[in-house]
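Working notes for the structure below.
In this note's numbering, the protein residues as written are 935 to 1028.
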(Lines of atoms letter the chains of each structure in order from A and count residues from 1; the text may use other names and numbers.)
(Lines give C-alpha, C1' and ligand atoms only; values in the text may rest on other atoms or scores of the structure.)
Protein backbone atom coordinates (compact mmCIF):
# COMPACT_ATOMS: atom_id res chain seq x y z
CA UNK A 1 0.00 0.00 0.00
CA UNK A 2 2.78 2.46 0.83
CA UNK A 3 4.48 1.82 -2.50
CA UNK A 4 1.37 2.89 -4.40
CA UNK A 5 1.01 5.97 -2.23
CA UNK A 6 4.67 6.88 -2.83
CA UNK A 7 4.19 6.60 -6.59
CA UNK A 8 1.11 8.83 -6.38
CA UNK A 9 3.04 11.47 -4.43
CA UNK A 10 5.87 11.39 -6.98
CA UNK A 11 3.40 11.80 -9.86
CA UNK A 12 1.75 14.76 -8.12
CA UNK A 13 5.14 16.41 -7.61
CA UNK A 14 6.07 15.86 -11.27
CA UNK A 15 2.78 17.33 -12.52
CA UNK A 16 3.16 20.33 -10.20
CA UNK A 17 6.73 20.86 -11.44
CA UNK A 18 5.46 20.63 -15.02
CA UNK A 19 2.88 23.33 -14.37
CA UNK A 20 5.55 25.56 -12.86
CA UNK A 21 7.73 25.01 -15.94
CA UNK A 22 4.80 25.90 -18.22
CA UNK A 23 4.17 29.10 -16.26
CA UNK A 24 7.86 29.98 -16.55
CA UNK A 25 7.68 29.34 -20.30
CA UNK A 26 4.76 31.75 -20.57
CA UNK A 27 6.61 34.44 -18.63
CA UNK A 28 9.98 33.90 -20.37
CA UNK A 29 8.47 33.91 -23.84
CA UNK A 30 8.50 37.69 -24.28
CA UNK A 31 12.16 38.02 -23.28
CA UNK A 32 13.22 35.23 -25.65
CA UNK A 33 11.33 36.62 -28.64
CA UNK A 34 12.70 40.12 -27.99
CA UNK A 35 16.25 38.73 -28.10
CA UNK A 36 15.71 36.70 -31.27
CA UNK A 37 13.48 39.01 -33.32
CA UNK A 38 12.81 42.37 -31.63
CA UNK A 39 10.65 43.77 -34.46
CA UNK A 40 8.19 40.86 -34.29
CA UNK A 41 7.94 40.87 -30.49
CA UNK A 42 4.99 43.28 -30.16
CA UNK A 43 2.94 41.23 -32.64
CA UNK A 44 3.41 37.80 -31.02
CA UNK A 45 1.58 36.43 -28.00
CA UNK A 46 1.91 33.22 -25.99
CA UNK A 47 -1.16 31.05 -26.58
CA UNK A 48 -0.65 27.59 -25.07
CA UNK A 49 1.77 24.72 -24.46
CA UNK A 50 0.36 21.22 -25.00
CA UNK A 51 2.15 17.91 -25.52
CA UNK A 52 5.60 19.42 -26.19
CA UNK A 53 4.16 21.89 -28.74
CA UNK A 54 4.23 25.63 -28.17
CA UNK A 55 1.37 27.55 -29.78
CA UNK A 56 2.03 31.19 -30.57
CA UNK A 57 -0.59 33.67 -31.69
CA UNK A 58 0.71 36.11 -34.30
CA UNK A 59 -1.21 39.23 -35.36
CA UNK A 60 0.10 39.36 -38.92
CA UNK A 61 1.01 36.68 -41.47
CA UNK A 62 4.18 38.57 -42.41
CA UNK A 63 5.60 38.14 -38.90
CA UNK A 64 4.59 34.48 -38.85
CA UNK A 65 6.57 33.98 -42.06
CA UNK A 66 9.56 35.82 -40.62
CA UNK A 67 9.49 33.75 -37.44
CA UNK A 68 9.47 30.48 -39.41
CA UNK A 69 13.17 31.10 -40.08
CA UNK A 70 13.87 31.34 -36.35
CA UNK A 71 11.94 28.23 -35.22
CA UNK A 72 15.01 26.13 -34.39
CA UNK A 73 16.66 28.96 -32.49
CA UNK A 74 13.43 29.56 -30.56
CA UNK A 75 13.12 25.87 -29.69
CA UNK A 76 16.71 25.70 -28.45
CA UNK A 77 16.50 28.82 -26.33
CA UNK A 78 13.10 27.93 -24.84
CA UNK A 79 14.10 24.32 -24.11
CA UNK A 80 17.24 25.14 -22.12
CA UNK A 81 17.07 23.86 -18.53
CA UNK A 82 13.57 22.40 -19.02
CA UNK A 83 12.58 18.88 -18.10
CA UNK A 84 9.99 18.82 -20.91
CA UNK A 85 11.60 20.52 -23.92
CA UNK A 86 9.71 22.36 -26.63
CA UNK A 87 9.72 19.93 -29.55
CA UNK A 88 7.69 21.96 -32.05
CA UNK A 89 6.32 25.46 -32.47
CA UNK A 90 3.09 26.30 -34.28
CA UNK A 91 2.00 29.76 -35.28
CA UNK A 92 -1.67 30.71 -35.40
CA UNK A 93 -3.05 33.94 -36.81
CA UNK A 94 -5.33 36.03 -34.64
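All residues carry an ideal CB built from backbone N, CA and C; glycine is no exception. Note that the structure is a prediction, hence the values are computed from the model and not measured.
Between the C-alpha atoms of residue 974 and residue 1020, what's the straight-line distance to the nearest angstrom? Position 40 of the chain shown, counted from the start, is the residue given in the question as residue 974. Position 86 of the chain shown, counted from the start, is the residue given in the question as residue 1020. One C-alpha to the other measures close to 20 Å.
When burial is assigned at 16 or more other CB atoms within 10 Å of the CB, is residue 978 buried or exposed? The residue labelled residue 978 in the question sits at position 44 within the chain shown. Counting Cβ neighbours within 10 Å, residue 978 comes out buried, since at least 16 surround it.
When DSSP labels each residue in this structure, what does residue 1020 get in the three-state scheme? As a position in the chain shown, residue 1020 is number 86, starting the count at 1. Note: residue 1020 maps to coil in three-state DSSP.
Would the beta-carbon of residue 1028 fall within 8 Å of that of residue 992? Here residue 1028 refers to the residue found at position 94 when the chain shown is read from its first residue. Here residue 992 refers to the residue found at position 58 when the chain shown is read from its first residue. The answer is yes: Cβ separation under 8 Å.
What separation, rounded to the nearest whole angstrom, lies between the Cα atoms of residue 981 and residue 989? As a first step, residue 981 must be located in the chain shown, where it is residue number 47. As a first step, residue 989 must be located in the chain shown, where it is residue number 55. About 5 Å.
What does DSSP give as the partner residue(s) for residue 1010 in the beta ladder? Residue mapping note: residue 1010 aligns to position 76 of the chain shown, counting from 1. For residue 1010, which the question treats as bridged, DSSP gives no partner whatsoever.
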